[in-house]
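These protein sequence lines map, in sequence, to chains A and B. Residue numbers for the first sequence follow my numbering, so the first one is 12 and each next one is one higher. Residue numbers for the second sequence follow my numbering, so the first one is -12 and each next one is one higher. Think of the CB as a built atom: it goes at the ideal place given N, C-alpha and C, for glycine as much as any other residue. Worksheet: the structure to be examined is printed underneath.
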Amino acid sequence: MSAALDRRAAELLPAGERLTAHDAAVFALRVKRDAAARTEPDFERLREQARAIKAHALDHLDVYLERFEARAQAAGARVHFAADAADLQRITLELLAAKSARRVVKSKSMLTEECRLNPHLERHGIEVVDTDLGERIVQLGGEPPSHIIMPAIHRTRADIGALFEREMGSAPGDTDPGRLTAAARRDLRARFLAADAAITGANFAVAESGTLVIVTNEGNADLGMALAPLHIACLGIEKVIPGVADLAVFLRLLARSATGQPISAYTSLVTGPRAGAELHVILVDNGRTRLLANQRHRSALACIRCGACLNTCPVYRRAGGHAYGWAVPGPIGAVLAPALTAGDELRSLPFASTLCGSCSAVCPVKIDLHDQLVAWRGSDSPRAPSARRAARWAARVLERPALYRLAGRVTRALWPLLERRFAANPANAWLAARELPEHPGASFRARFRRRARPEDTP
Amino acid sequence: MDVELFIPCYVDQLAPQVGLASATLLERLGCRVRFDPRQTCCGQPFVTTGARDEAARLARRHLRVFEGADAIVCPSASCVATVRHRYADLIGEADARGLAARTFELGEFIIRVLNRSDVGARFPHRVALLESCHGLRELELGWPSERVSRAPRPGVTESLLRAVDGLELCEIERRDECCGFGGAFSVEYPEISARIGGAKLAALSASGAEFVTGTDASCLLHLDGLRRRAGTGPRVLHLAEILASREAT
């Protein structure tokens, strides 16, 4: 039986044009990333610096969190700590209720996806409008993002044209990106002006100054914060970095790794609320301290959510983000999901990789992603008892050369029979798209023993 | 030089010609080649499927089998990568380091230990190189396209192929994208595996290559299975087979 992700990929991203377009669009980001990285004279050294800063920040996270809290409060922000998703939902709702806020504009935040904040707010009568264009597209389509920085990358131009025609009255059959974007902008402008509150994420939280760093390409976070009387920023506790100077490392890496831009269009440093407005910062744990305590896996917390590992991942590009079944897909999703989610449902994600290692090679903070995947596979994963039994038996054979030889001989003798049996089984996973290897003849060891030694031959 | 062949279980059973070509090639280069029939499997399939206990037992066994050998040479990059990168976790840092220092992938051994790149092979055909991911990124047998450098060095495997008489190396699009094999991945995720492999096969076909070669027979078996199903595409040959070839024009 093939894995759930494989079946979902076949269903959600069917082979054909849609798959080809998805793979090409995502790989194009990887190509841009390569080109942009080469414009930075010492990109590999920057990666090493970023890794070291994040490792240090995580080692002393308690200190930096307290410092951030103190400095942010001193600058006039209010800082809240949320233990889990439910806590984030509750605090956000209370903050909105205190201001009688009903209309919220939101900019991109993978954390709020992870914590399912939107559906919770909507259940309580709050109108939440995602203002990042990609996010808006998936929101209108009633689906989650499929990529952490390109939420609608699984959608074609035609999909979006049809969606906008239905939802925003754009011209029938119009698939021109410029006109569709203009339609979304007109629609969003009114919502920005009417918003009671803005919810944003944050890419970094600078402990030294209590500053939030919010990076976007569309300026939508900025417009939200600049207009609404209430700004709620939600971020994971791992986003804290020591000083403003560290941004010189991270900002050079982030946009290059994400989209191949030297820097994002908007990089806003927010220290305290604007005059007459309120700023609340919610620092969310949701499994992060548990992961921090896990020496083997904590480095995954260094992730700056650039998406480079998704873009380079051959599996992600051929599966699509929705097949992963969690807010964060791709290699980083597969190493975070087992750590940050309860239950066994996502414990198979670390197996959804060929271990090609390209993710580790592009990661701007040098997370050893594919090694992490291997480590997760070997940790007390709830493997099927049948798989465990099979492994035990296979090892028993391989520990005994005589038995191993015999197994090889028997397989070879029965090869034609096995071929027929396999071929007759429509569910055979190897044969779905591939032929079996041709009969190999005698084993290497048998032939090596028999062959003429070179010194014997004339 | 005495060389102990490390022939992975799947090469022994499914691709014996790769082992034989390796032996022939090394002997031609002046090595005395031995094969210890106690060896079976390095444990890689158990590492990657999360069967840690079994992997550790096989790794300790592998260490015992190759205890006295000075140079252990293997025609499979991913098995060498297992010894080099996964064994520390299974048998302890010290033993793993000692074994790793004596274990070489075939092409790497020829270039870095024997200091040869021209092995006297002749293979007058158009050939595309399928960089196996573990060879490329874990053994650094080549320069991954995502790695940024001002002066990328030509890879080990590529250098060997370039020195083969008559061989024309074909460029392929997305040259070092994975082939989609991934061991157990190929049967647990057959749809995605075949999608990745299908794209690789298309790129290889488009390159005009008559043959595709690489350092891992496992990736090649997967590709060959796809090729024979599709009925078109370059035939597969392991690096050892090309380097051992003395084909006349």
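Residue i versus residue j: straight-line alpha-carbon distance, rounded
i	j	result
A:Arg329	A:Cys374	20 Å
A:Asp379	A:Cys317	15 Å
A:Leu23	A:His333	7 Å
A:Lys250	A:Asn214	7 Å
A:Ala256	B:Val(-10)	54 Å
A:Tyr75	A:Arg309	17 Å
B:Gly170	B:Ile229	24 Å
A:Arg29	B:Val135	31 Å
A:Arg49	A:Arg41	13 Å
A:Gly271	A:Ser390	36 Å
B:Leu207	B:Gly6	14 Å
A:Pro25	A:Lys110	46 Å
A:Val376	A:Ala61	5 Å
A:Pro437	A:Arg431	12 Å
B:Ala42	A:Ala386	13 Å
B:Ala81	B:Thr202	27 Å
B:Pro3	B:Gln26	15 Å
A:Phe54	A:Ala319	14 Å
A:Asp467	B:Leu210	With a pLDDT of only 46 at A:Asp467, under the threshold of 50, the placement of this residue in the model should not be trusted; the figure read from the coordinates follows. Answer to the nearest angstrom: the Cα atoms are 37 Å apart.
A:Phe79	B:Pro(-5)	54 Å
A:Gly444	B:Val199	The sequence given here places Ala at residue 444 of chain A; Gly does not occur at that position. Those two C-alpha atoms are separated by around 19 Å.
B:Arg182	A:His450	25 Å
B:Leu147	A:Gly152	53 Å
A:Gln84	A:Ala201	32 Å
A:Leu246	A:Gly368	29 Å
B:Arg21	A:Leu384	36 Å
A:Leu447	A:Pro183	50 Å
B:Gly239	A:Thr352	The structure shown has nothing for residue 239 of chain B, since chain B only spans -12 to 236.
A:Leu321	A:Leu417	44 Å
B:His225	A:His158	37 Å
A:Leu360	B:Thr219	33 Å
7 Å Cβ cutoff met for residue i and residue j
i	j	result
A:Ser279	A:Gly212	no
B:Arg238	B:Ala87	Coverage of chain B is limited to positions -12 through 236, which leaves residue 238 of chain B absent and any answer about it impossible.
A:Val37	B:Ile179	no
B:Ile159	B:Ser192	no
B:Asp(-1)	A:Phe455	yes
A:His131	A:Gln150	no
A:Ala239	A:Ala216	no
B:Ala56	B:Leu126	no
A:Glu146	A:Val139	no
A:Asp17	B:Tyr(-3)	no
B:Glu234	B:Phe110	yes
A:Asn297	A:Asp95	yes
A:Val281	A:Leu223	yes
A:Val346	A:Ser275	no
Nearest-angstrom Cβ-Cβ length linking residue i and residue j, presumed shorter than 8 Å
i	j	result
B:Ser173	A:Trp337	That belief does not hold up - the Cβ atoms of B:Ser173 and A:Trp337 are roughly 24 Å apart, past 8 Å.
A:Ile243	A:Thr142	In fact, because the Cβ distance is near 14 Å, the residues do not count as touching under 8 Å.
A:Ala20	A:Gly331	6 Å
B:Cys120	B:Cys66	In fact, because the Cβ distance is near 13 Å, the residues do not count as touching under 8 Å.
A:Ala93	A:Ile293	5 Å
B:Phe168	B:Val60	That pair is no contact at about 22 Å.
B:Glu145	B:Leu116	6 Å
A:Arg263	A:Glu51	6 Å
A:Arg190	A:Ser181	7 Å
A:Asn228	A:Ser118	A:Asn228 to A:Ser118, Cβ: 11 Å. No contact.
B:Thr69	A:Arg388	Between A:Arg388 and B:Thr69 the Cβ distance is about 14 Å, and since that is not below 8 Å, they are no contact.
Cβ of residue i within 7 Å of any chain D Cβ
i	result
A:Asp98	Protein chains A and B are contained in the structure displayed, whereas chain D is not.
So if I threshold CB-CB distances at 8 Å, which residues from the region 319 to 334 of chain A count as touching chain B?
Thr323, Pro325, Val326, Arg329, Ala330
What residues in the region 410 to 440 of chain A have a beta carbon less than 7 Å from any beta carbon of chain B?
Glu410, Pro412, Tyr415, Gly419, Ala440
Residues in the region 7 to 25 of chain B having any Cβ partner in chain A nearer than 7 Å
Leu7, Ala10, Glu14, Phe22, Pro24, Arg25
Please name the residues in the region 51 to 84 of chain A whose beta-carbon is closer than 7 Å to at least one beta-carbon of chain B, in chain order.
Phe54, Glu55
Any residues in the region 270 to 303 of chain A with a beta carbon nearer than 8 Å to a beta carbon of chain B? Which ones, in chain order?
none
Output, in sequence order along the chain, the residues in the region 171 to 186 of chain B whose CB is closer than 9 Å to any CB in chain A.
Ala171, Phe172, Ser173, Val174, Glu175, Tyr176, Pro177, Glu178, Ile179, Ser180, Ala181, Arg182, Ile183, Gly184, Gly185, Ala186
Alpha helix (DSSP H) runs wholly inside the region 371 to 456 of chain A, at least 4 long, in chain order:
380 to 389, 396 to 409, 412 to 435
Going along the chain, which unbroken runs of the alpha helix (DSSP H) with 4 or more residues stay wholly within the region 107 to 149 of chain A?
121 to 125, 128 to 134
Residues from the region 131 to 159 of chain B in contact with chain A, defined by Cβ distance under 9 Å
Pro131, Ser132, Glu133, Arg134, Val135, Ser136, Arg137
Along the region 210 to 234 of chain A, where does the CB come closer than 9 Å to a CB of chain B? Name the residues.
none
Listed from N- to C-terminal order along the chain, which residues in the region -8 to 3 of chain B have their beta-carbon within a distance smaller than 9 Å of any beta-carbon of chain A?
Leu(-8), Ile(-6), Cys(-4), Val(-2), Asp(-1), Gln0, Leu1, Ala2, Pro3
Quick one: complete beta strand (DSSP E) runs, 3+ long, within the region 34 to 66 of chain B?
59 to 61
By the 8 Å beta-carbon criterion, what residues does the region 202 to 215 of chain B contribute toward chain A?
Leu208, His209, Asp211, Gly212, Leu213, Arg215
Compile a chain-ordered list of the residues in the region 39 to 51 of chain B whose CB is closer than 9 Å to at least one CB of chain A.
Arg39, Asp40, Glu41, Ala42, Arg44, Leu45, Arg48
Near-chain A residues of the region 75 to 93 of chain B - C-beta to any C-beta below 7 Å:
none
Quick check on the DSSP output: what are the complete beta strand (DSSP E) runs of length 3 or more inside the region 162 to 213 of chain B, in order along the chain?
198 to 201
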